[in-house]
Amino acid sequence: MRHLMNPLDLSVEELDRLLDLANDIEKHPEKYAHSCAGKKLATLFYEPSTRTRLSFEAAMLNLGGSVLGFSSADSSSAAKGESVADTIRVISCYADICAMRHPKEGAPLIASMKSRIPVINAGDGGHQHPTQTLTDLLTIRSLKGRLGDFTIGLCGDLKFGRTVHSLIQALIRYPNVKFILISPEELRLPDNIRDDVLRRNKQEFKEVVRLEEALPELDLLYMTRVQRERFFNEEDYVRMKDFYILDKEKLKLAGPDMMILHPLPRVNEISVEVDDDPRAAYFRQAQYGVYVRMALILTLLGLEGTIC
Ligand code: CP
Numbered sequence: 002m003r004h005l006m007n008p009l010d011l012s013v014e015e016l017d018r019l020l021d022l023a024n025d026i027e028k029h030p031e032k033y034a035h036s037c038a039g040k041k042l043a044t045l046f047y048e049p050s051t052r053t054r055l056s057f058e059a060a061m062l063n064l065g066g067s068v069l070g071f072s073s074a075d076s077s078s079a080a081k082g083e084s085v086a087d088t089i090r091v092i093s094c095y096a097d098i099c100a101m102r103h104p105k106e107g108a109p110l111i112a113s114m115k116s117r118i119p120v121i122n123a124g125d126g127g128h129q130h131p132t133q134t135l136t137d138l139l140t141i142r143s144l145k146g147r148l149g150d151f152t153i154g155l156c157g158d159l160k161f162g163r164t165v166h167s168l169i170q171a172l173i174r175y176p177n178v179k180f181i182l183i184s185p186e187e188l189r190l191p192d193n194i195r196d197d198v199l200r201r202n203k204q205e206f207k208e209v210v211r212l213e214e215a216l217p218e219l220d221l222l223y224m225t226r227v228q229r230e231r232f233f234n235e236e237d238y239v240r241m242k243d244f245y246i247l248d249k250e251k252l253k254l255a256g257p258d259m260m261i262l263h264p265l266p267r268v269n270e271i272s273v274e275v276d277d278d279p280r281a282a283y284f285r286q287a288q289y290g291v292y293v294r295m296a297l298i299l300t301l302l303g304l305e306g307t308i309c
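No gaps in the numbering here: position 270 of the sequence shown is 271 in our numbering, and each next residue is one more.
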């Protein structure tokens with residue numbers, strides 16, 4: 002039985018196969034419409050979500066399976082004090098696979114140790130968000146035609162942004178990826194990722210504060226929201242929240258093929274006037290999230306080889 006806690010839980014070869022499967026699902030959805038008949042996915046969300054929870058549910062429904070779960074800690078027995086370990090033991094009796102989001106870093110890992118079904122980390126605190134990374138990789142590979150040989154700018158809340166942490170870990174395994182880390186001083190990438198991931202792997206990167214300085218160099222721009230829910234006080238959040246706003250004027254500094262990604266939800270960091278720009282790929286990215294989660298469910302249930 003396999004779980005997914007971190008993008009590195011999949012080898013590059015496994016990841017390639019999973020992305021190929023997701024592309025096939027996109028092209029031939031009818032082939033997969035009954036492949037999870039009789040299977041159940043539990044979505045255990047202790048934190049708010051729109052895309053991750055609903056795209057997991059859509060993925061399982063598209064595969065002919067069923068879904069059950071909860072969308073907030075308040076509506077589960079966590080509100081009565083039940084531990085994650087006890088909850089997953091019980092859910093293992095009700096479902097075949099589960100996706101868990103939790104505000105505490107490592108909570109899905111604890112669950113995986115007590116689980117009798119595959120557990121997928123659907124975001125744990127400011128730590129990791131591996132299925133967003135699968136979505137990002139599928140989007141980049143499908144729209145850019147390659148994973149590697151590009152310069153990517155990661156912009157915004159690099160301190161608390163778990164999507165950025167997971168994406169960096171995944172991308173260092175591909176050739177010739179250069180990172181430009183764009184953030185205010187207070188929201189810089191955590192030391193453990195800068196030192197243990199980027200420096201240790203001799204990865205080319207630089208840190209800048211001004212988005213305008215980075216834009217002309219980028220093949221990809223990955224914008225992120227300032228993570229209000231991880232701040233200790235509201236004043237600091239208010240000071241930081243509009244530090245970056247990508248608008249049409251700033252986009253004039255970027256190349257004609259620079260792809261704009263965002264895990265969403267967006268607050269103010271990308272002006273709505275950018276949505277119609279052909280470089281804006283963030284809503285297509287959300288669509289790819291369904292295909293890649295379908296591929297992941299099939300893979301973790303060991304069903305990926307059963308479809309003709
Ligand atoms: N990208 C993402 O995780 O969005 P949600 O918080 O809406 O799930």
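Beta carbons: idealized from backbone N, C-alpha and C, even for Gly.
Please tell me whether, using a cut-off of 8 Å, the distance from the CB of residue i to the nearest non-hydrogen atom of the ligand CP is below it.
i	result
P264	yes
Q288	no
P49	yes
Q170	no
T152	no
G124	yes
R231	no
H130	yes
R54	yes
T164	yes
Following the continuous beta strand (DSSP E) through residue i, name the residue where it begins and the one where it ends.
i	result
S67	67–71
K41	41–46
E208	206–209
N122	120–125
K179	178–183
A100	98–103
F151	151–156
Taking the alpha helix (DSSP H) that residue i falls in, what are its first and last residues?
i	result
N24	13–28
A112	108–115
V227	That residue, V227, is in no alpha helix (DSSP H); it is neither H nor E in DSSP.
G290	283–301
State buried or exposed for residue i, treating a residue as buried only when at least 16 other CB atoms are found within 10 Å of its CB.
i	result
T51	exposed
V165	buried
M2	exposed
R201	exposed
C156	buried
S56	buried
M114	exposed
K203	exposed
Should the region 242–256 be called in touch with the region 222–233, which here means at least 3 C-beta pairs below 8 Å? yes
Are there three or more Cβ pairs, one per stretch, closer than 8 Å when the region 245–261 is compared with the region 208–220? Touching, yes.
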